[in-house]
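Chains as they are written, first to last, in my numbering: chain Y, 61 to 134; chain R, 61 to 134.
For reference, the structure discussed in these notes is given below.
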């Protein structure tokens, strides 16, 4: 497989940080110079390494927000 | 590696569905009979296969909700 190019276009928020400094972050990332997508993923300090994660479209982010707010009211 | 056992304890919400029927879902899943964690992941129809995803603690879910609601007001 070829190299995956990515650029972190915006750092939106940090969900957590573990004792080793890895953080679970929500970012806007452009993969292979395509339009940026939301990305929820673990990162080593200074984004030196990426862990596993999922990408999310605008619609998926909006659905997730509704689901989380609905949960809170139950 | 051994087999990973899991049980979907609660189906919380569906973020999207693609033309092949795979859905991006937020569930509460118990892995290897441990306490359930939130899990954001792609699933084939009827949960026949799982795709990539991330697990989230209660605190990470609460942080994510705050981050998404803060985004909305910008």
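Just so it is clear, CB atoms sit at the ideal spot from N, CA and C, and this is done for glycine as well.
Sequence-distant partners of residue 105 (chain Y) (beyond 5 residues in either direction) whose C-beta falls short of 7 Å from its own C-beta, in its chain, are 81.
Contact residues of the region 109 to 125 of chain R toward chain Y are 112, 113, 114, 116, 117, 119, 120, 121, 123, 124 and 125 (C-beta to C-beta distance below 8 Å).
Taken through DSSP and simplified to helix, strand or coil, residue 127 (chain Y) comes out as helix. Taking 9 Å as the cut-off between beta carbons, the residues of the region 63 to 86 of chain R near chain Y are 72, 73, 74, 75, 76, 84 and 86, in sequence order. The Cβ-Cβ distance between residue 84 (chain R) and residue 114 (chain Y) falls below 9 Å. The straight-line gap separating the alpha-carbon atoms of residue 96 (chain R) and residue 88 (chain R) is approximately 6 Å.
Pairing residue 73 (chain R) with residue 63 (chain Y), the inter-Cα distance amounts to about 34 Å. Interface criterion met: the Cβ of residue 129 (chain R) is under 9 Å from a Cβ in chain Y.
Within the region 88 to 103 of chain R, those residues whose Cβ lies closer than 8 Å to any Cβ of chain Y are, in chain order, 100, 101 and 102. In its chain, beyond the 5 residues on either side, 97, 98, 99, 100 and 124 have a beta carbon closer than 8 Å to the beta carbon of residue 116 (chain Y). Distance between residue 90 (chain R) and residue 71 (chain R), taken at the CA atoms: about 12 Å.
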